[in-house]
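Q: Residues 0 to 251 in numbering that gives the first Met the number 0 are what the sequence shown lists, from first letter to last. Where is the CB? At the ideal position from N, CA and C, for every residue including glycine. Sharing a structure below in structure tokens format, with a few things to ask.
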Amino acid sequence: MSIGAHLVELRKRLVIAALGLVVGMVIAFIITDPVIQLITEPIRVINEQRGDAQSMLNFPTVTSAFDLRIRIAFTIGIFLSAPVWIWQIWAFVVPGLTRKEIRYTASFVGAAIPLFFAGCWVGLLIVPHVIELMAGFTPDGAANLFSATEYYDFVFKLMLVIGVAFVLPVFLVALNVAGVLTGRAILKGWRVAIIVATVFAALATPAADVISMVMLASILVVLFFAAAGVSLLFDRRKAKRLDAMGLPGSIV
0 MSIGAHLVEL RKRLVIAALG LVVGMVIAFI ITDPVIQLIT EPIRVINEQR
50 GDAQSMLNFP TVTSAFDLRI RIAFTIGIFL SAPVWIWQIW AFVVPGLTRK
100 EIRYTASFVG AAIPLFFAGC WVGLLIVPHV IELMAGFTPD GAANLFSATE
150 YYDFVFKLML VIGVAFVLPV FLVALNVAGV LTGRAILKGW RVAIIVATVF
200 AALATPAADV ISMVMLASIL VVLFFAAAGV SLLFDRRKAK RLDAMGLPGS
250 IV
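Listed below in structure tokens is the structure:
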């Protein structure tokens, strides 16, 4: 295809992806009330613990409530339309890939998407503990007025960061398949991986919430060792194929 044809194809894919996002946002806008109820559950728990209603979501401007719904609709719309825009990216890239590269890419995408959503789910589980813990430092007689925009940004960013962290082991396996890293090389970095996972968990969760930090760090460490194990398995298969061809098959 010429450059012009590629640009026409790209525009076509982008238009379809954008339409999918719009449809997803419309659907998501309808279900914003249950989503708001879900993410504000920690606020109601705080009020029950205190026996009052001093904690609440605050909308400081006239348009704040509408802005929050648009933000939620956009975020959920991206997730709902993921099959559409992922397929458009795939359809645009696939003609330039070999059959083997297509198989590997499909495997990585198939592993990355569930891990990302699993990370978001773990983030959603951690959020209530974080908010309740931080609200516990509020002095008597004071109220927690959570800005709607900042509250949502906190919840969303925490879920997004943890979701991305869950996908990182997939990239380690991808580097192994590409021949950049061996399974042994990945496994040798287990000490560094534990330190990085612990530091990341400490930054992603409040310093006082040790339970959430340990839970998140433990999951990341398990995922790292799973990636190392899969890479070692791939290295072993690669070595057997090389041996069968009469070539050196040792993996350093």
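1. Measuring alpha carbon to alpha carbon, tell me which of V169, P138, W89 ends up nearest Q53.
2. Between the C-alpha atoms of E40 and I75, what's the straight-line distance to the nearest angstrom?
3. If we count the other Cβ atoms within 10 Å of its Cβ and call it buried at 16 or more, is L18 buried or exposed?
4. Looking only at DSSP bridge pairs, what is M55 linked to?
5. If you scan the stretch 138 to 203 from start to end, which runs of the beta strand (DSSP E) of 3 or more residues do you find wholly inside it?
6. Tell me the residue span of the alpha helix (DSSP H) that contains S260.
7. Just reading off the alpha helix (DSSP H) that F313 is part of, what are its end residues?
8. Does the Cβ of T97 have 16 or more other Cβ atoms within 10 Å, making it buried, or fewer, making it exposed?
9. Less than 8 Å separating the beta-carbons of V176 and F233?
10. Nearest to L231 by alpha carbon, out of A216, G188, V198, A184?
11. For the 8 Å Cβ check, are there 3 or more pairs between the stretch 144 to 159 and the stretch 54 to 65?
12. In or out: R210 buried (at least 16 other Cβ within 10 Å) or exposed?
13. Check whether the Cβ atoms of S80 and V22 lie closer than 8 Å to each other.
14. Do A227 and G182 have their beta-carbon atoms positioned less than 8 Å apart in this structure?
15. Write down the C-beta distance between T204 and I125 rounded to the nearest angstrom, noting that I regard them as a contact closer than 8 Å.
16. In chain order, what residues of the same chain lie with their CB nearer than 7 Å to the CB of I130, ignoring the 5 residues before and after it?
17. Could you tell me which of F153, F115, A117 sits nearest to M133, measuring between CA atoms?
A: Quick look at the numbers:
1. The option with the nearest alpha carbon to Q53 is P138.
2. 18 Å
3. exposed
4. L144
5. Within the stretch 138 to 203, the complete beta strand (DSSP E) runs of at least 3 residues are 143 to 146.
6. Residue 260 cannot be examined here, being either before or after the span of the chain that is shown, 0 to 251.
7. Limits of the chain in this structure are 0 at one end and 251 at the other, which puts residue 313 out of reach.
8. exposed
9. yes
10. A184
11. yes
12. At residue 210 the sequence reads Ile, which differs from the Arg that was named. I210 is exposed by the Cβ-count criterion.
13. yes
14. yes
15. 6 Å
16. P41
17. F153
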